[in-house]
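Under this note's numbering, the first residue of the sequence shown is numbered 10, with each subsequent residue one higher.
For every residue, glycine included, the Cβ atom is placed at its ideal position computed from N, Cα and C.
Data first, discussion second: the structure below is written as C-alpha cells.
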Amino acid sequence: MTLKLYNTLTRSKDQFRPIDPSNVRMYVCGPTVYDFAHIGNARPVIIFDVLYRLVRHLYGESHVTYVRNITDVDDKINARAAQDHPGLPLNEAIAKVTAETNAQFQADVTALGCLEPTHQPRATDNIPQMIEIIERLIARGHAYVAEGHVLFNVPSDTHYGLLSQRPLKEMQAGARVEVAPYKQDPMDFVLWKPSNEGEPGWDSPWGRGRPGWHIECSAMSWRYLGERFDIHGGGIDLVFPHHENELAQTTCAFGTDVMANIWMHNGFLQVEGQKMSKSLGNFVTIRDVLGDWPAEVVRLNMLKTHYRQPIDWTLKGLEESSKTLDYWYQADVNAPEAAALDEEVLEALSDDLNTPRAIARLHALFAQLGDLGESGMGDQRRIFKASVQGLGLMSRSAKEWFEESWQRAGVDQPRIRALIGERLRARKEKDWAEADRIRDVLLAEGIALKDVKDPRTGEPVTTWEVAR
Numbered sequence: 010m011t012l013k014l015y016n017t018l019t020r021s022k023d024q025f026r027p028i029d030p031s032n033v034r035m036y037v038c039g040p041t042v043y044d045f046a047h048i049g050n051a052r053p054v055i056i057f058d059v060l061y062r063l064v065r066h067l068y069g070e071s072h073v074t075y076v077r078n079i080t081d082v083d084d085k086i087n088a089r090a091a092q093d094h095p096g097l098p099l100n101e102a103i104a105k106v107t108a109e110t111n112a113q114f115q116a117d118v119t120a121l122g123c124l125e126p127t128h129q130p131r132a133t134d135n136i137p138q139m140i141e142i143i144e145r146l147i148a149r150g151h152a153y154v155a156e157g158h159v160l161f162n163v164p165s166d167t168h169y170g171l172l173s174q175r176p177l178k179e180m181q182a183g184a185r186v187e188v189a190p191y192k193q194d195p196m197d198f199v200l201w202k203p204s205n206e207g208e209p210g211w212d213s214p215w216g217r218g219r220p221g222w223h224i225e226c227s228a229m230s231w232r233y234l235g236e237r238f239d240i241h242g243g244g245i246d247l248v249f250p251h252h253e254n255e256l257a258q259t260t261c262a263f264g265t266d267v268m269a270n271i272w273m274h275n276g277f278l279q280v281e282g283q284k285m286s287k288s289l290g291n292f293v294t295i296r297d298v299l300g301d302w303p304a305e306v307v308r309l310n311m312l313k314t315h316y317r318q319p320i321d322w323t324l325k326g327l328e329e330s331s332k333t334l335d336y337w338y339q340a341d342v343n344a345p346e347a348a349a350l351d352e353e354v355l356e357a358l359s360d361d362l363n364t365p366r367a368i369a370r371l372h373a374l375f376a377q378l379g380d381l382g383e384s385g386m387g388d389q390r391r392i393f394k395a396s397v398q399g400l401g402l403m404s405r406s407a408k409e410w411f412e413e414s415w416q417r418a419g420v421d422q423p424r425i426r427a428l429i430g431e432r433l434r435a436r437k438e439k440d441w442a443e444a445d446r447i448r449d450v451l452l453a454e455g456i457a458l459k460d461v462k463d464p465r466t467g468e469p470v471t472t473w474e475v476a477r
C-alpha cells in the first residue's frame, strides 16, 4: 500500500518514503500547559493519532517513534501561575499549574481514544539541548548576543521563508514581532532571553535566562528523532512563525537542507460558522464537550471533515455522529474479534488521511451487513469492526456503549423495554392504535423507535435510540 501525504513544504501530495522503514519518526507540537485545551486543540491530536495508527499498521507497531512535546516554560504559564496562586512563590505556582494542566490534557486526549506517544518530553527537561543548538548557531554565524538576549539572524538563512512560501518583506509587514533596539533586523527572533528575579531561569553562557518558544521544539525533536526525521505535524496556524523558525534553527545549526521530509498541517476549527473566541461566548474546551457527548462521538465528528479543510463544529454534526455510532455499535452485538482492515478503507487513509472517504466506505460496509446470510455475517462483521477501529472508534462493547448513552440521557431502560414488549404484542394482535400510542409516548420522552427485521431470522424487532 502506497502512503501519500500532503507536504506543506512542497505544496503537493508526496509519496511517503521513510528514512528508515524500521524506525519511522514523527513529531507533533503539543500543548502549552496553562489552561484547559479547547476543542480546536483536539483536532491535531486526533488527526495525528490516526496517522500514528496508520503508520504502525503499515510498518509495524515497534517500528514507529512518535514524539509529542509539552511546553511547560512560557510567559503565559507565568501569568496564569501568578493569577491562580498569588500566595505561592512563582516557581512553585508554575509547577502546580503545569502539573495540573498537563494531567487535564492527558486525561482528555486519552478519553478521545488517542494512543500515548512514544515520548512526551517536557521543554524544561531539555534545556541543555537548547543551549547546545544555540551555541552551534552562534558559532556558524546564524545567531548573536545582544543585551543578554540571543537572537537568530534571519537574513543569514538564505532559505528562510521556504515553508510558509512568503517573501521576507511580506513577513516583515505582517509579522507580530517585537521591535527592540538590540535587534540587527526586525525579523530576528529570540532564542534565549534573560529572566528577572523570581522568574523561571537556567544558567547559560549568556547569563541566567530561559528559552524562546521556537528553540524548544528544535531541541526536543533533535534529541528524540535526530537532525532529520520523517514527519512534522501541527495546526495550520503554526506554519509561520513557529515551524518556519524551527526549520531555520535546525537546518542552520546542523548544516542540513532538511529538518523533516514531510510537514503536515491541519485546518482551522470554527464553531457554528464563527471563529471560536471567548468574546463571542463560543469558546469550548475538550472537557466541556466530553461532559455533554461520548468521546467517540467527538472523535468521529472531527474525522468527518478532511484534516486539511476548515471544520465547522456544530450541534447538528455531533447529533449525526452520535446516530452513526449508535447504528455501527448495533452491528457489534455478539460480533467476533476484529480482523484485517477493509482494503478500500486502508486505501482512503493512505491517500493523505482521507477520513471522509474512509467513513463513506464504512457506511457502505455497514449497509451490506443487513444483506448477508448467516454464513457471511461473521467475516463481514470482523472486517467492519477492524476498519472502524483503524480510526480509533468502537473501542468497547456495544453493551458498554449503549449503557453510557442511556445513562447520559437519563433513560429508564427496563421501562422502555417493557413498553416495547407491550407494543410488539399490540402489533401482533393488530391493535394499531395501542401500538401507535406507545410509540408516541416514547417519542414524547425523546425515545425514537424503529421497526426492522432481524437479518438472520427475518423476525420483526424494534430498535430504539435517544432522539436528542
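Distance, residue j Cα to residue i Cα
{"i": "D266", "j": "H158", "result": "27 Å"}
{"i": "Y316", "j": "I56", "result": "7 Å"}
{"i": "R131", "j": "L247", "result": "19 Å"}
{"i": "S406", "j": "L172", "result": "44 Å"}
{"i": "R434", "j": "Q416", "result": "27 Å"}
{"i": "R219", "j": "L99", "result": "15 Å"}
{"i": "V33", "j": "K13", "result": "15 Å"}
{"i": "R52", "j": "N275", "result": "8 Å"}
{"i": "S31", "j": "E356", "result": "22 Å"}
{"i": "I103", "j": "I86", "result": "7 Å"}
{"i": "T41", "j": "N111", "result": "9 Å"}
{"i": "V54", "j": "K192", "result": "36 Å"}
{"i": "E443", "j": "E474", "result": "20 Å"}
Identity of the residue in the options nearest residue i by Cα
{"i": "P126", "options": "L97, D83, G150, H72", "result": "H72"}
{"i": "C261", "options": "D246, H94, S227", "result": "S227"}
{"i": "D83", "options": "G49, Y43, E409, W473", "result": "Y43"}
{"i": "V470", "options": "L99, T19, R436", "result": "R436"}
{"i": "M10", "options": "L67, P209, K192, I48", "result": "L67"}
{"i": "Y61", "options": "H241, Q115, L378, G282", "result": "H241"}
{"i": "S330", "options": "W302, Q279, H94", "result": "W302"}
{"i": "G49", "options": "V118, G170, E409", "result": "V118"}
{"i": "A269", "options": "D239, K325, F263, S31", "result": "D239"}
{"i": "L200", "options": "E208, E281, L160, E353", "result": "L160"}
{"i": "A349", "options": "L327, D360, H372, G387", "result": "G387"}
{"i": "A88", "options": "Q193, E208, A116", "result": "E208"}
{"i": "F375", "options": "M273, Q339, E409", "result": "Q339"}
{"i": "C123", "options": "L400, W473, A152", "result": "L400"}
Per DSSP, cross-strand counterpart(s) of residue i
{"i": "K114", "result": "The question names Lys, but residue 114 in the sequence shown is Phe. BP columns for F114 are empty, so no partner."}
{"i": "T314", "result": "In DSSP, T314 forms no bridge with anything."}
{"i": "H158", "result": "A155"}
{"i": "N100", "result": "Beta-bridge pairing links N100 to no other residue."}
{"i": "I79", "result": "R131"}
{"i": "K494", "result": "Outside the shown range of the chain (10 to 477) lies residue 494, about which nothing can therefore be said."}
{"i": "V306", "result": "For V306, which the question treats as bridged, DSSP gives no partner whatsoever."}
{"i": "W473", "result": "L458"}
{"i": "P220", "result": "W201"}
Beta strand (DSSP E) segment containing residue i, residue limits
{"i": "N275", "result": "269 to 275"}
{"i": "F238", "result": "238 to 244"}
{"i": "R34", "result": "33 to 37"}
{"i": "L200", "result": "198 to 203"}
{"i": "A340", "result": "A340 -> no beta strand (DSSP E), and no H or E assigned at all."}
{"i": "L14", "result": "13 to 16"}
Residue span of the alpha helix (DSSP H) that contains residue i, given as start and end
{"i": "A3", "result": "Outside the displayed span of the chain (10 to 477) sits residue 3, for which this structure offers no information."}
For the region 283 to 290 against the region 246 to 260, are there 3 or more C-beta pairs whose distance is under 8 Å? no
Quick check: the region 73 to 90 against the region 117 to 134, are there 3 or more CB pairs under 8 Å? yes
Please determine if the region 228 to 242 and the region 131 to 141 are in contact, where contact requires at least 3 C-beta pairs separated by less than 8 Å. yes
At a cut of 8 Å, does the region 331 to 339 reach the region 297 to 311 through at least three beta carbon pairs? yes
Do the region 445 to 461 and the region 419 to 435 touch if we need at least three Cβ pairs shorter than 8 Å? yes
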